[in-house]
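Take the sequence shown: its letters are residues 4 to 290, numbered as in our numbering. Every residue, glycine too, gets a C-beta built ideally from N, C-alpha and C. Model, not experiment: these values are computed from the prediction.
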Amino acid sequence: MPSLSTNHNQAINLQGPGLAVAVVQLVSKLKVDDNLEQAAIQIASAAELGAKLIMLPESFAVFGDPQMVAYGAAAAAPNRGLRLWLSQQAQLNNVWIIGGTIPCQEGIRDLKKVRSACFVYDNAGQEVARYDKIHMFDVDIEDSHGSYRESDTFEAGNQLVVVDTPVGKVGLTICYDLRFAEIHAQLVDRGAQIIVNGAAFTKTTGQAHWHTLLRARAIETQCYVLAASHGGQHDHRQTYGHSMIVDPWGTVLVELEEGAGLAMAKVDLERVQTIRQAFPLQSQRRL
Numbered sequence: 004m005p006s007l008s009t010n011h012n013q014a015i016n017l018q019g020p021g022l023a024v025a026v027v028q029l030v031s032k033l034k035v036d037d038n039l040e041q042a043a044i045q046i047a048s049a050a051e052l053g054a055k056l057i058m059l060p061e062s063f064a065v066f067g068d069p070q071m072v073a074y075g076a077a078a079a080a081p082n083r084g085l086r087l088w089l090s091q092q093a094q095l096n097n098v099w100i101i102g103g104t105i106p107c108q109e110g111i112r113d114l115k116k117v118r119s120a121c122f123v124y125d126n127a128g129q130e131v132a133r134y135d136k137i138h139m140f141d142v143d144i145e146d147s148h149g150s151y152r153e154s155d156t157f158e159a160g161n162q163l164v165v166v167d168t169p170v171g172k173v174g175l176t177i178c179y180d181l182r183f184a185e186i187h188a189q190l191v192d193r194g195a196q197i198i199v200n201g202a203a204f205t206k207t208t209g210q211a212h213w214h215t216l217l218r219a220r221a222i223e224t225q226c227y228v229l230a231a232s233h234g235g236q237h238d239h240r241q242t243y244g245h246s247m248i249v250d251p252w253g254t255v256l257v258e259l260e261e262g263a264g265l266a267m268a269k270v271d272l273e274r275v276q277t278i279r280q281a282f283p284l285q286s287q288r289r290l
């Protein structure tokens, strides 16, 4: 295992070549201002430690259905609401930010719902990409919450997105997307060298599948995988945490457990290329 240093719920492994990236873990509650304050603290810490790109978890700011539509309406304009906050944080900290998800009604068909939208901002605060979550978490789980029906609140997106960043070409995914290998293969077809996943995995499903899914996606795509999740007891549910960064060989470079914090490691695109040349999976696909 790589040697790790941990401090104040920070897991850091900056060995070797490459550029530093960070994933932020939170335990967001119903008070949006408190959530933003906690996210800002972690963003500033990661930037101070040298991260060039910072990933936030799904629903980092609005973690409660009653608020989704109101905040989604505010985010319908690029220079308002949570989109403005993300832009300001990127500019203030001179970093690229992948904003987990925020609710957004821009371009939506059903005004009673929102899109679960992942926005990307460059270090000047410019909005450079948006991905809307494609797969809705409509499942039954043996936990205290029981039934999850995201489609009651969210309208699904239908477009994959890969964005050029200073650390490489990044494919955007959100939480439940992680279970669908085919979209990850399509992101690689579009040039992805890194795949990010902003999540809020339940504790039950996280314990069963989180590590396996993340490592599998990294191995089969030969990409770095950056996974930023929630980890702890929220107002109405419990999430698993274990935000991590996995290299294209499937090695977990760095990992948190529960609680708010950040994990940092380096992305080395030469390692991506070396692994893809040694194991040319993309050219060997037959179906």
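Coarse secondary structure for residue i, derived from DSSP in three states
i	result
Arg288	coil
Glu130	strand
Asp271	coil
Thr104	coil
Lys172	strand
Met71	helix
Ser8	Since pLDDT at Ser8 reaches only 43, below the 50 mark, its modelled position is unreliable, and no value is offered.
Leu190	helix
Gln280	helix
Ser154	helix
His214	helix
Leu259	coil
C-beta contact flag for residue i and residue j at 8 angstroms
i	j	result
Ala23	Asn97	no
Thr104	Ile177	yes
Val170	Val65	no
Met267	Val275	no
Trp88	Tyr124	no
Gln41	Leu29	yes
Tyr243	Gly209	yes
Ser31	His237	yes
Cys121	Ile137	no
Arg240	Leu181	no
Asn12	Gly262	yes
Ile144	Thr207	yes
Val165	Lys172	yes
Val131	Gln285	no
From the options, residue whose alpha carbon lies closest to that of residue i
i	options	result
Ala47	Lys32, Glu61, Val27, Asp36	Val27
Val228	His237, Thr254, Ile105	Thr254
Leu216	Val123, Val249, Met71	Val249
Asp113	Ala127, Gln129, Asn200, Val72	Val72
Tyr134	Glu153, Gly110, Val142	Gly110
Phe63	Pro69, Tyr74, Leu39	Leu39
Trp272	Ala203, Gln196, Thr224, Trp252	For clarity, residue 272 is Leu in the given sequence; the question names Trp instead. Answer by Cα proximity: Gln196.
Ala231	Ile57, Ala211, Ile15, Val35	Ile57
Pro60	Ser119, Val164, Ala211, Leu190	Ser119
Glu376	Thr207, Phe140, Glu223	Residue 376 is absent from the structure shown; the chain starts at 4 and stops at 290.
Glu158	Cys107, His212, Glu223, Gly21	Cys107
Exposed unless 16 or more other CB atoms sit within 10 angstroms - verdict on residue i
i	result
Asn161	exposed
Ser246	buried
Ala127	exposed
Ala25	buried
Lys115	exposed
His187	buried
Met4	Because the pLDDT of Met4 is 32, which lies under 50, any placement of that residue in the model is unreliable, and the number read from its coordinates should be weighed accordingly. Exposed, since its Cβ has fewer than 16 Cβ neighbours within 10 Å.
Ala184	exposed
Arg193	exposed
Gly19	exposed
Pro251	buried
Pro69	exposed
Residue i: CB within 7 angstroms of a non-hydrogen atom of the ligand PLP
i	result
Glu153	In the structure shown, the ligand PLP is absent, as is every other ligand, since no ligand is present at all.
contact_flag[the stretch 52-61, the stretch 76-86] where n(CB pairs < 8 angstroms) is 3 or more: no
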